[in-house]
Amino acid sequence: MHHRYVFVAAQTGTWRILSAQALSGQALVAAAGLEILPAGAAVRSLAAWVLQGVTSILRYATRGEVTKLRSRQEALGRAQAQRAALIPIKKSAAWWKLAQDQCRAILEEQSHHTQTGLEYLPAVARQLYHSRDLGEPFDFLTWFEYAPEHSGFFDELLAHLRASPQWTYVEREVDIRLERAN
Numbered sequence: 001m002h003h004r005y006v007f008v009a010a011q012t013g014t015w016r017i018l019s020a021q022a023l024s025g026q027a028l029v030a031a032a033g034l035e036i037l038p039a040g041a042a043v044r045s046l047a048a049w050v051l052q053g054v055t056s057i058l059r060y061a062t063r064g065e066v067t068k069l070r071s072r073q074e075a076l077g078r079a080q081a082q083r084a085a086l087i088p089i090k091k092s093a094a095w096w097k098l099a100q101d102q103c104r105a106i107l108e109e110q111s112h113h114t115q116t117g118l119e120y121l122p123a124v125a126r127q128l129y130h131s132r133d134l135g136e137p138f139d140f141l142t143w144f145e146y147a148p149e150h151s152g153f154f155d156e157l158l159a160h161l162r163a164s165p166q167w168t169y170v171e172r173e174v175d176i177r178l179e180r181a182n
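Here the sequence shown is numbered in the working numbering, starting from 1 and rising by one per residue.
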């Protein structure tokens, strides 16, 4: 089932923004907090920025890969997952011109995306939100949650992904690090 969410950056939120770094392309406006709300919820008029995304099926993954991912990934919202990262990404026009089998070859045969992700489960939980078809400035919003002691582990995961062939298609990326605002 697909669910639509809005990510609202403002002065306060359930999550406190620790840093927001544009790794490629334009940065986002600075904000102190982030709230994730279901679509249709009242969005603050004083928001620094609002991004929308919808959950969907895992694309480019085989049934076996999906089964492995689901069996090993922990749920979001775990008490020990006091850290998070929101990484909005926009891919190049060249990526969107590729056929599905070409995308799959880049993601899996060349970049080993799913296998890399499996190596970091269950410590890092992840949810991908699709935004391209919503007319958003990013194609994907990737949300990660992890315990503070797994911060280095998470950075290692990102380093592997960013060094892979699939990342040559990324034209805009913002790395936003957060902690629960308890």
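The beta-carbon is built from N, C-alpha and C at its ideal position, and this holds for glycine as well.
Non-local C-beta neighbours of S151 in its own chain, meaning closer than 7 Å and more than five positions away in sequence, comprise R83, ordered along the chain. About 15 Å separates the CB atoms of G53 and R172; that is not less than 8 Å, and the two are not in contact. Around the beta carbon of R70, fewer than 16 other beta carbons sit within 10 angstroms, so the residue counts as exposed.
Taking one beta carbon from each stretch, the region 150 to 168 and the region 109 to 126 have 3 or more pairs nearer than 8 Å; the two touch. Secondary-structure assignment with DSSP links L86 through a beta bridge to W143, I176. Y129 places its beta carbon 8 Å or farther from that of F144.
Distance from the CA atom of L37 to the CA atom of Q102, rounded to whole angstroms, is 34 Å. Distances from the alpha-carbon of H3 to those of A20, A9, G40 put G40 closest.
Beyond the five residues adjoining it in sequence on each side, V43 comes within less than 8 Å, by CB distance, of V6, V8, L37, V50 in the same chain, given in chain order. With respect to the 8 Å criterion, Y169 and R104 are not classified as neighbours on the basis of their beta carbons.
Within the region 34 to 93, the runs of alpha helix (DSSP H) at least 4 residues long that lie entirely inside it are, in chain order, 63 to 72. Ranked by Cα distance from Q115, the options P88, K68, L86 are led by K68. Counting of Cβ neighbours within 10 angstroms places K91 among the buried residues, the total reaching 16 or more. Going by DSSP, H130 is part of the beta strand (DSSP E) stretching over 125 to 130. A distance of 8 Å or more separates the beta carbons of L46 and D175. Taking a C-beta distance under 8 Å as the contact criterion, Q73 and A147 do not qualify as a contact pair.
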